[in-house]
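Inspection log for the structure reproduced underneath, given as structure tokens.
Number of protein chains: 2
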Amino acid sequence: MARIVQKFGGTSVANIERIKAAAQSVKREVDNGHQVAVVVSAMAGVTNQLVAYVDEISNLYDAREYDVVVSTGEQVTAGLLALELQNLGINARSWLGWQIPIQTNNAHGKARIENIERGELVNRLEQGEVVVVPGFQGLGPDNRVTTLGRGGSDTSAVALAAALDADQCDIYTDVDGIYTSDPRIVAKARKLEKITYEEMLEMASVGAKVLQTRAVEVAMNHGVRIQVLSSFSNEPGTLVVNEDEIVEKELVSGIAYSRDEAKITLVRVPDKPGVAASIFGPLADASINVDMIVQNVSAESGATDLTFTVTSADLERAVSVLESKRGELDYAELISDSNVVKISVIGIGMRSHAGVALKMFQTLADKGINIQVISTSEIKVSVLIEEEYTELAVRALHSAYGLDEE
Amino acid sequence: MARIVQKFGGTSVANIERIKAAAQSVKREVDNGHQVAVVVSAMAGVTNQLVAYVDEISNLYDAREYDVVVSTGEQVTAGLLALELQNLGINARSWLGWQIPIQTNNAHGKARIENIERGELVNRLEQGEVVVVPGFQGLGPDNRVTTLGRGGSDTSAVALAAALDADQCDIYTDVDGIYTSDPRIVAKARKLEKITYEEMLEMASVGAKVLQTRAVEVAMNHGVRIQVLSSFSNEPGTLVVNEDEIVEKELVSGIAYSRDEAKITLVRVPDKPGVAASIFGPLADASINVDMIVQNVSAESGATDLTFTVTSADLERAVSVLESKRGELDYAELISDSNVVKISVIGIGMRSHAGVALKMFQTLADKGINIQVISTSEIKVSVLIEEEYTELAVRALHSAYGLDEE
């Protein structure tokens, strides 16, 4: 007998038919003798509609009332799933964020879970009751409803699994696992049986949107085993686990790409102490996140070229911030380019193996692809290249690292 | 300075545009220096959608989870209205049923309010804050969400007004007051300036759906002055008040009708003790409400004819219950007729004036309308007639009692 948290995302509870299918998944685990807690998202489209209502009223809204409005979608699903489980003869009951309570900090609209009162839930689980919890919501120190930010239901599920000492947290979604690369681009992409938290974090940060980053962080901190699997099939998915659980570590686990990048080059910036701070300070003040940064070695002229990337969505604002500071920053020219893609090779194995980056550069060179910017972390190498080479680069790297399915 | 509860029904908060209009109504009262608590319904159609979801899952649902699902509609409106009030520069905050709390009994799906904790709300009102409360919902003794039954937001508003010692409870709706009769039938119907609780109860019981019966009862018990008015105009509406407040009592306040009636006659029922109980007992067991009852004086045969009315919706079930008991009840024939209408003359003044019923019978006789069944209460006379005479009868009575607008 195990204790399991099952989480069903928006497409897995999109309508009554899908809610009934989710209930069948819960029933299977109950029939297997497991204790089951369920976390649900809002039915597909509901949260968007609620957010649209708020936006229609005001762009500068009070996050406390925003939370009151947008938290209702998950509440509806929780009640409906409990009803369907009862239909199936299962003793089930919904538990809202304020009832448990799921205590968060006071950051309405993007709150963080601080504590989950497990006592009553554990009692119920031990009596064989299925507890159904709406994701995304909690209770703030002001005794008001809070929400965790979009996609927060993954985090709810993992935090609940941690609080309940659950053996596993199954995240049901519309894909059947984590792949070595995007199967829409790489026909030979393989579903991974297991992946480490660290790799999953790197994958998420470069555009693999299957799991919310925060949820992976919480899972890593509390050692919660996550399984990502499809609610449309009964196949096992991919386990996201601690490194210890993976006996045969692969050198590289996946090739990811993100088109959501833009490059800015400041030409002939004065090469003197403090110049980087004077450039990135104003960008940070405008809440613009800078990713890759490259500064060339200074030539004798006392000036250097500085290149960095931001998300495409931030490009326009970043350019306007930098142009407004031109007098101060004293650069010769600002060149921006959104016609780029970031390609990343990710693998926990590269910590103990040299040559991973080299193989990447060589593979791209062999295909005649020019690398514009490089950045590395302990388990990731990312390069920025021209966007039109995306598919070519991803497929070539997938083969080069031996990831292709036989 | 007064303390006012404003309640906005479904059509008054049907969409964002109407929510903005409701906020303007609140602002007017705030600008007049009043303390304002607001109770809101769900946006038009939302509750029906939520109920449909529940029905799609099961007809035999757990009322506790039903409440979790259907209470969300009002929560959304409360948050949105608070946001729009803030837009208008008003200090406003939503308060959910569990936060206040609005304590109810444990009858999920049709709970009754038992107590409203007024302390924090009064504090806020006295600090000039507008408190926005979702109608229809409360907190049961099991610490779970309860709902008051369809239309319960009127009751929420009146109960809140009672708890807050409010000077008035303004019910904003899509009609601009209580009329002497249905203006769709009687062109000369007049809007009443005032009406007593008792009359309003009788009106509601015969089909004037403007106010929920339970809300009027609570108002009567706690002496809450209600105003029914339109959210589509700025005209004063109709006050529902204690008899004392009405100096010039009219003999008759209104003529109501209900087409939602059906008549059943049991021919030649044995005329012996206990027979009425043996007929109405099984109907009560089937939750069928019997309204008007007439039993003819027994002829020498030892048998009598018994006629009574039920709602049209219950007719089929009532007939089937009675036919299944035919052996036991020993009647000769069962005749049912849904081609009838109940016409009621209502007026608190008739308590002290004779001849009101007589005038009704005479007026109908003058028009050649046959009366099938009669029932009376202290302030109401109702008759059952053939449905096709509805308009003729209502107009004739409206004139006969001097209610026509000049």
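Sequences listed follow chains F and W, in order.
For the first sequence, the tail end lands on 405 under numbering that gives the first Met the number 0, and the numbers increase by one without skipping.
For the second sequence, the tail end lands on 405 under numbering that gives the first Met the number 0, and the numbers increase by one without skipping.
Ideal Cβ positions, reconstructed from N, Cα and C, are used throughout, including at glycine.
W/His352 sits exposed, since fewer than 16 C-beta atoms from the chains shown fall within 10 Å of its C-beta.
Sequence-distant Cβ neighbours of W/Gly148 in its own chain, meaning closer than 7 Å and more than five residues away, are Gly108, Lys109. The beta carbons of W/His33 and W/Ala13 sit no closer together than 7 Å. Within the stretch 82-99 of chain F, those residues whose Cβ lies closer than 9 Å to any Cβ of chain W are, in chain order, Leu82, Glu83, Gln85, Asn86, Ala91, Arg92, Ser93, Leu95, Trp97, Gln98. Taking the beta carbon of F/Ser57 as reference, the chain W residues within 9 Å of it are Leu82, Glu83, Gln85, Asn86, listed in sequence order.
Neighbours of F/Leu49 in chain W, taken as residues whose beta carbon is under 7 Å from its own, are Val75 in chain order. Take the alpha-carbon of W/Ala356 and the one of W/Val380: they are about 6 Å apart.
Taking each of W/Val309, W/Glu260, W/Val239, W/Asp365 in turn and checking the Cα distance to W/Asn338, the smallest one comes out for W/Glu260. What W/Glu64 touches in chain F, judged by beta-carbon distance under 7 Å, is Gly78, Ala81, Leu82, Ser93, going in chain order. Contacts between W/Tyr60 and chain F, judged by CB atoms closer than 7 Å, involve Leu82 in chain order.
In this structure the stretch 315-329 of chain F does not lie against the stretch 244-256 of chain F, because fewer than three pairs of beta carbons, one per stretch, are closer than 8 Å. Boundaries of the beta strand (DSSP E) harbouring F/Val293: 292-294, taken from the DSSP string. Proximity to F/Leu265 across F/Ile334, F/Gln211, F/Ser286 peaks at F/Ile334, based on C-alpha coordinates. Chain W has a Cβ within less than 7 Å of the Cβ of F/Thr71. DSSP, read as helix, strand or coil, puts W/Thr195 in strand.
Note: F/Gln5 is bridge-paired with F/Val37, F/Asp169 in the DSSP secondary-structure output. For W/Phe360, the three-state secondary structure derived from DSSP is helix. Note on F/Ser376: under 16 other CB atoms within 10 angstroms of its CB, so exposed under the neighbour-count rule. Per DSSP, the continuous alpha helix (DSSP H) segment holding F/Asn122 begins and ends at 118-125.
Interface residue (Cβ-Cβ distance to chain W less than 7 Å): F/Val67 is classified as such. In the three-state scheme derived from DSSP, where H, G and I count as helix and E and B as strand, F/Val246 is classed as coil. The C-beta of F/Ile370 comes no closer than 7 Å to any C-beta of chain W. In this structure, DSSP gives F/Pro281 a helical state, which the three-state scheme calls helix.
Residues of the stretch 2-19 of chain W whose Cβ lies closer than 7 Å to any Cβ of chain F, in chain order: Ile15. Annotation: Cβ neighbours of F/Asn142 in chain W (cutoff 7 Å, chain order): Gln98. Secondary structure at F/Glu16: helix, using DSSP grouped into helix, strand and coil. Partner residues in the beta bridge of W/Ile115, as assigned by DSSP, are W/Ile101. The contact set of W/Val355 on chain F, defined by CB atoms closer than 8 Å, is empty, because the minimum CB distance reaches about 50 Å. Straight across, the Cα-Cα distance linking F/Val268 with F/Ala218 is about 43 Å. Taking a contact as a CB-CB distance under 8 Å, the pair W/Ile225 and W/Val157 counts as one, their CB atoms being some 7 Å apart. Shown here, F/Gly137 sits in a strand according to DSSP, grouped into three states.
Taking each of W/Asp169, W/Leu321, W/Ser180 in turn and checking the Cα distance to W/Gln5, the smallest one comes out for W/Asp169.
Taking 7 Å as the threshold, the shortest C-beta distance from W/Tyr52 to chain F falls below it. DSSP places F/Leu80 within a helical segment (H, G or I) once states are collapsed to three.
Separation of the CB atoms of F/Lys366 and F/Ser257 is rounded to 19 Å, and the pair is thereby denied contact status at 8 Å.
The residues Lys193, Gln226, in chain order, have a CB closer than 6 Å to that of W/Leu238 in the same chain once the five nearest residues on each side in sequence are set aside.
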